[in-house]
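Chemist: Just passing along the structure, written as structure tokens.
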Amino acid sequence: MQKKLHYLLILSLAYLPPVAAWELSGYVGIEDLAFIEKPVDSQQHNNYVSGVIEAELYHEWDNGSQIFAFVPYFRGSQHDSQRTHFDIRELTWVKSAEEWELRLGIRKEFWGVTESRHLVDIVNQRDMVENSDGEDKLGQPMINFAWIQDWGTVDLFILPGFREMPFTGEEGRPRAQPTINNHHAQYDKNGFERQVAYAIRWAHSVGDWDIGLSHFYGTSRDPVFIVEQDGQGKISFIPYYQNINQTGLDVQATIENWLLKWEATVRASEQETSFATVAGFEYTFFNVSETGLDIGLLAEYLYDSRDERAPSSFENDFFTGIRFALNDVQDTQILAGVMVDSRTLSQFYNIEASRRFFDNFKLEVEARFFNGAKPDEIMYAFRKDSHFRFELSYHF
Amino acid sequence: MKKIIIPLLLCLLPAVSFADAQKGLEIMQEVEKRDLDWQDMHADLKMILKNRNGDEHIRSLRMKTLEMKDDGDKSLSIFDSPRDIKGTAFLSFTHALDADEQWLYLPALKRVKRISSSNKSGPFLGSEFAFEDLTSFELKKYQYNYVKDEAEAGVDCFVVESVPQYKHSGYTRTMVWIDKQRYIPLRIDYYDRKNALLKSQKFNVYQQYLDQYWRAGNTVMDNFLTGKSTTLIWENYQFRTGLTARNFDKNTLKRSR
Numbered sequence: 001m002q003k004k005l006h007y008l009l010i011l012s013l014a015y016l017p018p019v020a021a022w023e024l025s026g027y028v029g030i031e032d033l034a035f036i037e038k039p040v041d042s043q044q045h046n047n048y049v050s051g052v053i054e055a056e057l058y059h060e061w062d063n064g065s066q067i068f069a070f071v072p073y074f075r076g077s078q079h080d081s082q083r084t085h086f087d088i089r090e091l092t093w094v095k096s097a098e099e100w101e102l103r104l105g106i107r108k109e110f111w112g113v114t115e116s117r118h119l120v121d122i123v124n125q126r127d128m129v130e131n132s133d134g135e136d137k138l139g140q141p142m143i144n145f146a147w148i149q150d151w152g153t154v155d156l157f158i159l160p161g162f163r164e165m166p167f168t169g170e171e172g173r174p175r176a177q178p179t180i181n182n183h184h185a186q187y188d189k190n191g192f193e194r195q196v197a198y199a200i201r202w203a204h205s206v207g208d209w210d211i212g213l214s215h216f217y218g219t220s221r222d223p224v225f226i227v228e229q230d231g232q233g234k235i236s237f238i239p240y241y242q243n244i245n246q247t248g249l250d251v252q253a254t255i256e257n258w259l260l261k262w263e264a265t266v267r268a269s270e271q272e273t274s275f276a277t278v279a280g281f282e283y284t285f286f287n288v289s290e291t292g293l294d295i296g297l298l299a300e301y302l303y304d305s306r307d308e309r310a311p312s313s314f315e316n317d318f319f320t321g322i323r324f325a326l327n328d329v330q331d332t333q334i335l336a337g338v339m340v341d342s343r344t345l346s347q348f349y350n351i352e353a354s355r356r357f358f359d360n361f362k363l364e365v366e367a368r369f370f371n372g373a374k375p376d377e378i379m380y381a382f383r384k385d386s387h388f389r390f391e392l393s394y395h396f
Numbered sequence: 397m398k399k400i401i402i403p404l405l406l407c408l409l410p411a412v413s414f415a416d417a418q419k420g421l422e423i424m425q426e427v428e429k430r431d432l433d434w435q436d437m438h439a440d441l442k443m444i445l446k447n448r449n450g451d452e453h454i455r456s457l458r459m460k461t462l463e464m465k466d467d468g469d470k471s472l473s474i475f476d477s478p479r480d481i482k483g484t485a486f487l488s489f490t491h492a493l494d495a496d497e498q499w500l501y502l503p504a505l506k507r508v509k510r511i512s513s514s515n516k517s518g519p520f521l522g523s524e525f526a527f528e529d530l531t532s533f534e535l536k537k538y539q540y541n542y543v544k545d546e547a548e549a550g551v552d553c554f555v556v557e558s559v560p561q562y563k564h565s566g567y568t569r570t571m572v573w574i575d576k577q578r579y580i581p582l583r584i585d586y587y588d589r590k591n592a593l594l595k596s597q598k599f600n601v602y603q604q605y606l607d608q609y610w611r612a613g614n615t616v617m618d619n620f621l622t623g624k625s626t627t628l629i630w631e632n633y634q635f636r637t638g639l640t641a642r643n644f645d646k647n648t649l650k651r652s653r
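Residue numbers (the numbering used here), protein chains in the order written: chain R, 1 to 396; chain P, 397 to 653.
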């Protein structure tokens, strides 16, 4: 009997697939944030140096149908203790079969099509201390089951563990005035209901069309703000997170050189039901004069029925932009855009450029300028926060 | 005088009318027929980009292709280097004459982006290969004319002129040297929109797989306008690995690294 077991053990060991290599990749970078004007608050600074590292440990087996990924992330910043932060962007296991995929762990999920604002994208909290553009996200624990059929993919999400939006600290920039209190967030629901969110999404591609329809129930990722005065008479903003039901729609039609994009959400909280939309296009001239250069023109209109009470500054705005992709060996890219408020005509300019050097290095330059914001606008808080951001990174 | 004018006029007629369209089509039909039913394919690809000064840049990617009956193939390419775009993946459903469907996966954002497939003539990853040079061969994409017999690298070939029928091509025509024995391309010359010779691609070190399918071990694209060149090195060819359409959907694209 004992012997038989041994044989079985040896046999089963022999059947184990060869351990495919674990792959490590990632980047380290150094960043400089340089502000042009004197800060509103004398505690703030004009220049911030920081360092960043993100690594990915990746393993796939079972003929690629199972994967494991671990992506830790750390940024250490001068002056702003809130910006020095560690996060697990991903710690995930995925099993895929012909008609389904099961994805467990800490993950990032992206929904949507538009460029100026990611309206329907709601699964992850945004990492607003990492970059004020809101493109970076915190890892979200989740159980995600995808059911894959001819008529599209249905994704079911259980999202345990709510994560608050991180904001720059008192010494940080850009930041709201007065400062946002990172430690005393309030909620309209408590306990389990606050912690766990649920979502469902159907997505499908039919010919020129890519369509997504989603619903989310749980604590909203973007807070509204309450003004609070503490014992010493110091005023600060307190983030207030509401329980919401949000239905989202995202559609893109890809016709010749046109990308036509539309996102819309209906959101119901205890306070109100609101509607928001982003609609626009991107038109690209490819390989201009056979130089390899692509020039893309972007225009989007943004609307939010909450108007000035909207927690974002995109209540009735126009975005226009131009994108240059040189398609050269260094992969040089430039995206320049401006957001204009249709009521006050205040503007937010955003220019992003990137280029590769020596195969493993990448330089990114971003310029953000705020202009003409009126005192009743959210943007007004950032009126002195126009800045440049430089990041040089080494990729391994 | 009349006698001189007639041969002169004949010379002025476009070369196309002399060429043999029927024979051209038959040659390419045979090319297609001999490369049918490989079902699916996997290969590792290294691109070596060289400029006039001899500076080299290397890109590596993995490519999976699914053969589609009566339609263009589906392909998934995953980039391994340069390292800053590692994990970026490109999914393409090609069609003979209709616009291809293409999606790009950006791993940093976990975003799948549907992109325009009108970009046929632009460079692929900064190389001398245009997007249209790398898509699957479909008979209906071109109109053919047999031009002549000519040896290429010591091998007897048919020379067939192919005129793109799909939109947004950067070429007025290509000239393809087809090996008379094996019915595989040994060389392709590309003529730009002004009908000037722009590039030439040579196919080297062919190997036969599954006793039927010939694949080049490397191909070299020379750009005569810029003096740059790109070498593609193909390795680890595998056929009939059991891939299905499911390996070429947006869910798989999101899992790709």
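Virtual Cβ for every residue (Gly too), placed ideally from N, Cα, C.
What are the boundary residues of the beta strand (DSSP E) that includes threonine 219/R?
Modeler: Mapped onto the first sequence, residue 219/R falls at position 219. Run containing threonine 219/R: 209-219, per the beta strand (DSSP E) assignment.
Chemist: So, does the CB of histidine 438/P fall closer than 8 Å to a CB anywhere in chain R?
Modeler: Numbered from 1 along the second sequence, position 42 holds the residue referred to as residue 438/P. Chain R, which has no Cβ nearer than 8 Å to the Cβ of histidine 438/P, makes this no.
Chemist: Taking the straight line between their C-alpha atoms, what separation do you get for aspartate 87/R and proline 223/R?
Modeler: On the first sequence, position 87 is the one that residue 87/R refers to. On the first sequence, position 223 is the one that residue 223/R refers to. Going from the Cα of aspartate 87/R to the Cα of proline 223/R covers about 20 Å.
Chemist: For aspartate 80/R, report the span of its alpha helix (DSSP H) as first-last.
Modeler: Locating residue 80/R in the first sequence gives position 80, where the first residue counts as 1. Here aspartate 80/R belongs to no alpha helix (DSSP H), and DSSP marks it neither H nor E.
Chemist: Can a CB atom of chain P be found closer than 8 Å to the CB of glutamine 252/R?
Modeler: One-based indexing of the first sequence puts residue 252/R at position 252. Cβ-Cβ to chain P under 8 Å: yes for glutamine 252/R.
Chemist: Please tell me whether glutamine 246/R and aspartate 188/R are closer than 8 Å, where the distance is taken between their beta carbons.
Modeler: Counting from 1 along the first sequence, the entry for residue 246/R is found at position 246. Counting from 1 along the first sequence, the entry for residue 188/R is found at position 188. Their beta carbons are not under 8 Å apart, which means glutamine 246/R does not touch aspartate 188/R by this criterion.
Chemist: Please report the Cβ distance between glycine 468/P and threonine 484/P, rounded to the nearest whole angstrom; I am assuming they are in contact, meaning their Cβ atoms lie under 8 Å.
Modeler: Counting from 1 along the second sequence, the entry for residue 468/P is found at position 72. Counting from 1 along the second sequence, the entry for residue 484/P is found at position 88. Rounded to whole angstroms, the Cβ separation of glycine 468/P and threonine 484/P is 22 Å, and the two are not in contact under 8 Å.
Chemist: Does the Cβ of arginine 448/P have 16 or more other Cβ atoms within 10 Å, making it buried, or fewer, making it exposed?
Modeler: Taking the second sequence and counting its residues from 1, one reaches residue 448/P at position 52. When all chains shown are included, arginine 448/P counts as exposed.
Chemist: Would you say alanine 14/R faces chain P, with C-beta separation under 8 Å as the test?
Modeler: For the purposes of this step, residue 14/R is taken as residue 14 along the first sequence, with counting starting at 1. Only weak support exists for where alanine 14/R lies, its pLDDT of 48 falling under 50; the value from the coordinates is given anyway. For alanine 14/R, the answer is no, since every Cβ of chain P falls outside 8 Å of its Cβ.
Chemist: Quick check on arginine 455/P: buried or exposed, where buried means 16 or more other Cβ atoms within 10 Å of its Cβ?
Modeler: Taking the second sequence and counting its residues from 1, the one referred to as residue 455/P is at position 59. Buried, because 16 or more other Cβ atoms sit within 10 Å of the Cβ of arginine 455/P.
Chemist: Smallest Cα separation from arginine 83/R: which of Gly372/R, Ile295/R and Arg173/R?
Modeler: Against the first sequence, residue 83/R aligns to sequence position 83. Considering only alpha carbons, the answer is Arg173/R.
Chemist: Quick one: grab the DSSP three-state call for arginine 117/R.
Modeler: Residue 117/R sits at position 117 when you count from the first residue of the first sequence. In the displayed model, arginine 117/R falls within coil according to three-state DSSP, outside both helix and strand.
Chemist: Return no unless some Cβ of chain R is closer than 8 Å to the Cβ of asparagine 515/P.
Modeler: Against the second sequence, residue 515/P aligns to sequence position 119. At least one chain R Cβ lies under 8 Å of asparagine 515/P.
Chemist: Spell out whether any CB of chain P is found under 8 Å from the CB atom of lysine 95/R.
Modeler: Indexing the first sequence from 1 puts residue 95/R at position 95. No, no contact with chain P.
Chemist: How would you write the range of the alpha helix (DSSP H) that aspartate 529/P sits in, first residue to last?
Modeler: The residue labelled residue 529/P in the question sits at position 133 within the second sequence. Run containing aspartate 529/P: 527-530, per the alpha helix (DSSP H) assignment.
Chemist: Does the beta-carbon distance from glutamate 366/R to arginine 383/R come in below 8 Å?
Modeler: Indexing the first sequence from 1 puts residue 366/R at position 366. Indexing the first sequence from 1 puts residue 383/R at position 383. No, the pair does not count as a contact, with Cβ atoms beyond the cut-off.
Chemist: Taking aspartate 416/P as the reference, give the member of Ser558/P, Leu505/P, His438/P and Lys536/P with the closest Cα.
Modeler: Position 20 of the second sequence, counting from 1, holds the residue named residue 416/P. For aspartate 416/P, the nearest C-alpha among the options comes from Ser558/P.
Chemist: What residue does the alpha helix (DSSP H) around glutamine 418/P start on, and which one ends it?
Modeler: Indexing the second sequence from 1 puts residue 418/P at position 22. For glutamine 418/P, the uninterrupted alpha helix (DSSP H) segment begins and ends at 417-430.
Chemist: Determine, using beta carbons only, whether lysine 482/P comes closer than 8 Å to chain R.
Modeler: Position 86 of the second sequence holds residue 482/P. Chain R contact via Cβ: present.
Chemist: Give a yes or no on whether the minimum CB-CB distance between arginine 389/R and chain P is below 8 Å.
Modeler: Residue mapping note: residue 389/R aligns to position 389 of the first sequence, counting from 1. Output row for arginine 389/R: interface = no.
Chemist: Who does methionine 464/P pair with in a DSSP beta bridge?
Modeler: Residue 464/P sits at position 68 when you count from the first residue of the second sequence. BP columns for methionine 464/P are empty, so no partner.
Chemist: Spatial neighbours of leucine 102/R within its chain, please: C-beta separation below 6 Å, excluding the five flanking residues on both sides.
Modeler: Residue numbering aside, residue 102/R sits at position 102 when the first sequence is read from its first letter. Excluding residues within five positions, the ones whose Cβ falls inside 6 Å are Lys95 and Phe145.
Chemist: Could you check how far apart the C-beta atoms of tyrosine 240/R and isoleucine 255/R are, in whole angstroms? I think they sit under 8 Å.
Modeler: Position 240 of the first sequence, counting from 1, holds the residue named residue 240/R. Position 255 of the first sequence, counting from 1, holds the residue named residue 255/R. With 8 Å as the limit, tyrosine 240/R and isoleucine 255/R do not qualify as a contact, their Cβ atoms being about 42 Å apart.
Chemist: So, does the segment 543-554 of chain P touch the segment 428-442 of chain P, judging by three or more C-beta pairs under 8 Å?
Modeler: Result no; under three Cβ-Cβ pairs closer than 8 Å.
Chemist: Go ahead and label phenylalanine 357/R buried or exposed: buried means 16 or more other beta carbons lie within 10 angstroms of its beta carbon, across all protein chains shown.
Modeler: For the purposes of this step, residue 357/R is taken as the residue at position 357 of the first sequence. With fewer than 16 other Cβ atoms within 10 Å, it is exposed.
Chemist: Comparing alpha-carbon positions, which option in Ile148/R, Asp341/R, Thr265/R and Ala353/R lies nearest methionine 379/R?
Modeler: Numbered from its first residue, the first sequence carries residue 379/R at position 379. Measuring from the Cα of methionine 379/R, the nearest candidate turns out to be Asp341/R.
Chemist: For phenylalanine 369/R, collect the residues of the same chain with a Cβ closer than 7 Å to its Cβ; drop the 5 residues on either side in sequence, then sort them by chain order.
Modeler: Along the first sequence, read from residue 1 onward, the residue named residue 369/R stands at position 369. Here the set comprises Tyr349 and Ser386.
Chemist: Quick check on serine 393/R: does DSSP put it in helix, strand or coil?
Modeler: As a working note, residue 393/R is residue 393 in the first sequence. Serine 393/R: strand per DSSP, three-state reduction.
Chemist: Got a sec: which bits of the segment 85-110 of chain R sit with their beta carbon under 7 Å from any beta carbon on chain P, in order along the chain?
Modeler: Val94, Ser96, Glu98, Glu101, Lys108, Glu109 and Phe110
Chemist: What residues of chain P sit near alanine 146/R, judged by a beta carbon separation below 7 Å?
Modeler: What you label residue 146/R is simply residue 146 of the first sequence in a count that begins at 1. Under the 7 Å cutoff, chain P gives Asn647.
Chemist: To the nearest angstrom, how far is it from the Cα of glutamate 115/R to the Cα of glutamate 37/R?
Modeler: Within the first sequence, the letter at position 115 stands for residue 115/R. Within the first sequence, the letter at position 37 stands for residue 37/R. If you take the alpha carbons of glutamate 115/R and glutamate 37/R, they lie about 28 Å apart.
Chemist: Taking contact to mean 3 or more Cβ pairs, one atom from each stretch, closer than 8 Å, check whether the segment 163-180 of chain R and the segment 197-210 of chain R are in contact.
Modeler: no
Chemist: In chain R, which residues lie less than 8 Å from glycine 522/P when you measure between Cβ atoms?
Modeler: In the second sequence, residue 522/P corresponds to position 126, counting from 1. Those within 8 Å of glycine 522/P in chain R are Gly292, Asn327, Asp328, Val329, Gln330 and Asp331.
Chemist: At the 8 Å Cβ level, is aspartate 529/P part of the contact set with chain R, yes or no?
Modeler: As a position in the second sequence, residue 529/P is number 133, starting the count at 1. So, not an interface residue.
Chemist: Taking one C-beta from the segment 606-616 of chain P and one from the segment 539-546 of chain P each time, how about it: are there three or more such pairs within less than 8 Å?
Modeler: Fewer than three pairs of CB atoms, one per stretch, sit closer than 8 Å, so the segment 606-616 of chain P makes no contact with the segment 539-546 of chain P.
Chemist: Helix, strand or coil for alanine 14/R? Go by DSSP, reduced to three states.
Modeler: Along the first sequence, one-based indexing puts residue 14/R at 14. Here alanine 14/R scores only 48 on pLDDT, less than 50, and its place in the model should not be relied on; the value that follows carries that caveat. It is helical.
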